[in-house]
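Asker: Chains A and B, in that order, are what the protein sequence lines are. Under my numbering, the letters of the first sequence match residues 110 to 321, in that order. Under my numbering, the letters of the second sequence match residues 110 to 321, in that order. Note that CB positions come from ideal geometry on N, CA and C, so glycine has one too.
There are 2 protein chains.
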Amino acid sequence: MSIRTTHKNQEHKDPGEFEDVAGEEKLRPRERIVSAACELFRTHGIRGIGVDAIADAAGTNKMTLYRHFGSKDDLICEVLRSTSRKAARVWDELEASYPDNPKAQLRGWIAARAKCLEYEPYGCDLANAAIELKEQGHPAHSVIEEFKLQQRQRLADLCSRAGMKQADLLADMLSMLLEGARVSRQAMGGEGPSTQFAKACETTISSLEHQH
Amino acid sequence: MSIRTTHKNQEHKDPGEFEDVAGEEKLRPRERIVSAACELFRTHGIRGIGVDAIADAAGTNKMTLYRHFGSKDDLICEVLRSTSRKAARVWDELEASYPDNPKAQLRGWIAARAKCLEYEPYGCDLANAAIELKEQGHPAHSVIEEFKLQQRQRLADLCSRAGMKQADLLADMLSMLLEGARVSRQAMGGEGPSTQFAKACETTISSLEHQH
DNA sequence: CCTGATAGTTACCGACCGGTCACACTCATG
DNA sequence: CATGAGTGTGACCGGTCGGTAACTATCAGG
Numbered sequence: 110m111s112i113r114t115t116h117k118n119q120e121h122k123d124p125g126e127f128e129d130v131a132g133e134e135k136l137r138p139r140e141r142i143v144s145a146a147c148e149l150f151r152t153h154g155i156r157g158i159g160v161d162a163i164a165d166a167a168g169t170n171k172m173t174l175y176r177h178f179g180s181k182d183d184l185i186c187e188v189l190r191s192t193s194r195k196a197a198r199v200w201d202e203l204e205a206s207y208p209d210n211p212k213a214q215l216r217g218w219i220a221a222r223a224k225c226l227e228y229e230p231y232g233c234d235l236a237n238a239a240i241e242l243k244e245q246g247h248p249a250h251s252v253i254e255e256f257k258l259q260q261r262q263r264l265a266d267l268c269s270r271a272g273m274k275q276a277d278l279l280a281d282m283l284s285m286l287l288e289g290a291r292v293s294r295q296a297m298g299g300e301g302p303s304t305q306f307a308k309a310c311e312t313t314i315s316s317l318e319h320q321h
Numbered sequence: 110m111s112i113r114t115t116h117k118n119q120e121h122k123d124p125g126e127f128e129d130v131a132g133e134e135k136l137r138p139r140e141r142i143v144s145a146a147c148e149l150f151r152t153h154g155i156r157g158i159g160v161d162a163i164a165d166a167a168g169t170n171k172m173t174l175y176r177h178f179g180s181k182d183d184l185i186c187e188v189l190r191s192t193s194r195k196a197a198r199v200w201d202e203l204e205a206s207y208p209d210n211p212k213a214q215l216r217g218w219i220a221a222r223a224k225c226l227e228y229e230p231y232g233c234d235l236a237n238a239a240i241e242l243k244e245q246g247h248p249a250h251s252v253i254e255e256f257k258l259q260q261r262q263r264l265a266d267l268c269s270r271a272g273m274k275q276a277d278l279l280a281d282m283l284s285m286l287l288e289g290a291r292v293s294r295q296a297m298g299g300e301g302p303s304t305q306f307a308k309a310c311e312t313t314i315s316s317l318e319h320q321h
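Below you can see the structure in the form of structure tokens.
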């Protein structure tokens, strides 16, 4: 097995044409594959794209893909984990943007989610994967569930730190509003209920704040 | 065991065993196919099941399926239209249950949706189809969009008739809560935010009712 | 220079996909 | 009895799927 060999493998391919995402030709095959798979899963669906097309888009080939990932299901899990890590980083950045100001962090969260809703027609990759992969026991399900639990917890913590009453209920309501806005966006385009997401969040927050 | 996958005789003179959904042996092939496809799409995903398996589950064969539906895409649209009609009937029944009492109808809507959330792990077939079928221009998309617009309008009308202020905003919020609860249910099982759906609806309603 | 790890290439496999064909069968109606 | 519509049957098509085999090319480190 190959691990930890302090290898500094570098680009040894002729600097020819690379057809897809800019900057990717500097990455190693594994990262390129994950990145290409993520994008293709998003645009074609997980079941809608084949491993050959993924390897092609990553500027490599199927054999290399299968050396890094034992199966397509493995690749799916890895892509989902990568997206999950990216989302955690976004959370970290949000909290760092308004240090010691949880109320501003909450406002920032709403604004950021609303902006994504406006400009990204696809929803949450993890949620979409959960809907697309119905086979129970699929390894992706545990990745998805763990991610969703973590997101929910982070949101509940934020609500709590922001001094909200019934922070858990508020977090669940905001979670549902976001998830619902994303699926509405996919089902009926940019003219549906998703346009009211930010206002819905603010209404919900102030209603739980001023009650009692 | 001698394999008797399909008997030669037609279903009229053979009231014997049919393996799937009860009562279907009385229907004609077309309805059986739609019904079987609906169930299989739900459990395996639209891309996850083949036409042969659908025909098999419907107690018929692929040729008959293709005589009634020109293509799998046609069948998908027909299944979605059928589900859409069924949902419209549920709306009619709800309104008939509490005649001239829109407030009770709204309460009934919340209760019914909460009950479905509890007992049906799958979400909205139309929304799931929108997520699964990414190819733009797919004929299913217009069916889905029309359905979602209609559901949204019915809910907004109900809110308005129930005397709610900002009925459109309320309808969009309830739509997002429902859609989000359904996708949460699929992504994290029965322990997620979907358990708070009814309470979230009530909180939202009373917050819009008492504000000003 | 040799070796071992990584990557690229080509070809291949069996399975299944959506879709079509020709043909036999059944049955209600005339 | 004749007919024609609806259905069942099994073979078949070209294409694609996930996955593998065998071989070659590159390069780092000893």
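Touching or not, the segment 230-248 of chain B and the segment 271-282 of chain A, by the rule of three or more beta carbon pairs under 8 angstroms?
Answerer: These segments do not touch.
Asker: With H, G and I counted as helix, E and B as strand and the rest as coil, what does DSSP make of A:I158?
Answerer: Note: A:I158 maps to coil in three-state DSSP.
Asker: For chain A, find out if any of its Cβ atoms is closer than 7 angstroms to the Cβ of B:M282; answer yes or no.
Answerer: For B:M282, the answer is yes, since a Cβ of chain A falls inside 7 angstroms of its Cβ.
Asker: Could you work out which residue in B:S303, B:H250, B:H319 is closest to B:C225 when comparing CA atoms only?
Answerer: Nearest of B:S303, B:H250, B:H319 to B:C225, Cα basis: B:S303.
Asker: Taking the CB atoms as reference points, tell me whether B:Q305 and A:L278 lie closer together than 7 angstroms.
Answerer: Going by C-beta atoms, B:Q305 is nearer than 7 angstroms to A:L278.
Asker: So, helix, strand or coil for A:Y207, using DSSP?
Answerer: Of the three classes helix, strand and coil, the one that applies to A:Y207 here is coil, per DSSP.
Asker: Under 7 angstroms, Cβ to Cβ, is there at least one residue of chain B near A:I158?
Answerer: False, the Cβ-Cβ gap to chain B never drops below 7 angstroms.
Asker: Run through DSSP, which three-state label would B:T169 get?
Answerer: Three-state result, B:T169: coil.
Asker: Does the beta carbon of A:S316 sit closer than 7 angstroms to a beta carbon anywhere in chain B?
Answerer: So, interface residue.
Asker: Check distances from the C-beta atoms of the segment 186-220 of chain A to those of chain B and list, in chain order, the residues that come in under 8 angstroms.
Answerer: Correct list: empty, as no residue qualifies.
Asker: Counting contacts by CB-CB distance shorter than 7 angstroms, is B:V324 in contact with chain A?
Answerer: An answer regarding residue 324 of chain B cannot be provided, because it is not within the stretch 110 to 321 covered by chain B.
Asker: Could you check which residue in A:L189, A:G159, A:F150, A:S144 has the C-alpha nearest to that of A:E254?
Answerer: Answer by Cα proximity: A:L189.
Asker: Secondary structure at B:A271, three-state DSSP: helix, strand or coil?
Answerer: The answer is coil: DSSP assigns B:A271 none of H, G, I, E or B.
Asker: Do the segment 213-220 of chain A and the segment 159-169 of chain A touch if we need at least three Cβ pairs shorter than 8 angstroms?
Answerer: The segment 213-220 of chain A vs the segment 159-169 of chain A: no contact.
Asker: Which same chain residues end up closer than 8 angstroms to A:D182 when comparing Cβ atoms and leaving out the 5 residues on each side of it in sequence?
Answerer: Closer than 8 angstroms at Cβ, skipping near neighbours: H247, P248, A249.
Asker: DSSP state of B:L136, grouped into three classes?
Answerer: Of the three classes helix, strand and coil, the one that applies to B:L136 here is coil, per DSSP.
Asker: Near B:L242, what residues of its chain come up, given a Cβ to Cβ distance below 6 angstroms and the 5 sequence neighbours on each side ignored?
Answerer: A249.
Asker: Taking 7 angstroms as the limit between beta carbons, can you name the residues of its chain near A:K171, skipping five residues before and five after?
Answerer: Answer for A:K171: V160, D161, A164, listed in chain order.
Asker: At 4 residues or longer, what runs of the alpha helix (DSSP H) sit wholly inside the segment 218-285 of chain A?
Answerer: The qualifying runs are 234-241, 249-270.
Asker: Does any C-beta atom of chain A lie closer than 7 angstroms to the C-beta of B:E254?
Answerer: Chain A, which has a Cβ nearer than 7 angstroms to the Cβ of B:E254, makes this yes.
Asker: Taking DSSP as the reference, what is the three-state secondary structure of A:F306?
Answerer: In this structure, A:F306 counts as helix in the three-state DSSP scheme.
Asker: Which of the three DSSP states, helix, strand or coil, is assigned to A:S74?
Answerer: The question about residue 74 of chain A has no answer, for chain A in this structure spans 110 to 321.
Asker: Since B:P302 meets chain A, which of its residues come closer than 7 angstroms, beta carbon to beta carbon?
Answerer: Per Cβ cutoff of 7 angstroms: R261, D281, S284, M285.
Asker: Relative to the C-alpha of A:I314, which candidate in A:S293, A:L283, A:G301 has its C-alpha closest?
Answerer: The option with the nearest alpha carbon to A:I314 is A:L283.
Asker: Under 9 angstroms Cβ-Cβ, which residues of chain B neighbour A:D288?
Answerer: Looking at the sequence itself, residue 288 of chain A is Glu, so the reference to Asp does not match. Within 9 angstroms Cβ-Cβ: M285, E288, G289, A290, R291, V292, S293, A296, P302.
Asker: Quick one: what does DSSP say A:G301 is sitting in, helix, strand or coil?
Answerer: In the structure shown, A:G301 sits in coil (DSSP, three-state: anything other than H, G, I, E or B).
Asker: List the residues of chain B that A:N237 touches, going by C-beta distances under 8 angstroms, in chain order.
Answerer: I240, listed in chain order.
Asker: Could you tell me the distance, in whole angstroms, from the CA atom of A:T173 to the CA atom of B:Q259?
Answerer: Cα to Cα, A:T173 sits roughly 49 angstroms from B:Q259.
Asker: Please name the residues in the segment 160-185 of chain A whose beta-carbon is closer than 9 angstroms to at least one beta-carbon of chain B, in chain order.
Answerer: Taking 9 angstroms as the Cβ-Cβ cut-off against chain B, none of the residues of the segment 160-185 of chain A qualify.
Asker: Would you report the Cα separation of A:H319 and B:H319, rounded to the nearest angstrom?
Answerer: Their backbone Cα atoms lie some 11 angstroms apart in a straight line.
Asker: Run the CB neighbour count on B:G154, radius 10 Å, all protein chains shown included, and call it buried at 16 or more, exposed below.
Answerer: Classification of B:G154: buried, given that the 10 Å Cβ count is 16 or more.
Asker: Please look up how many angstroms separate the CB atoms of B:L235 and B:K257, rounded, as I've assumed it's under 8 angstroms.
Answerer: So it is a contact: roughly 7 angstroms between Cβ atoms.
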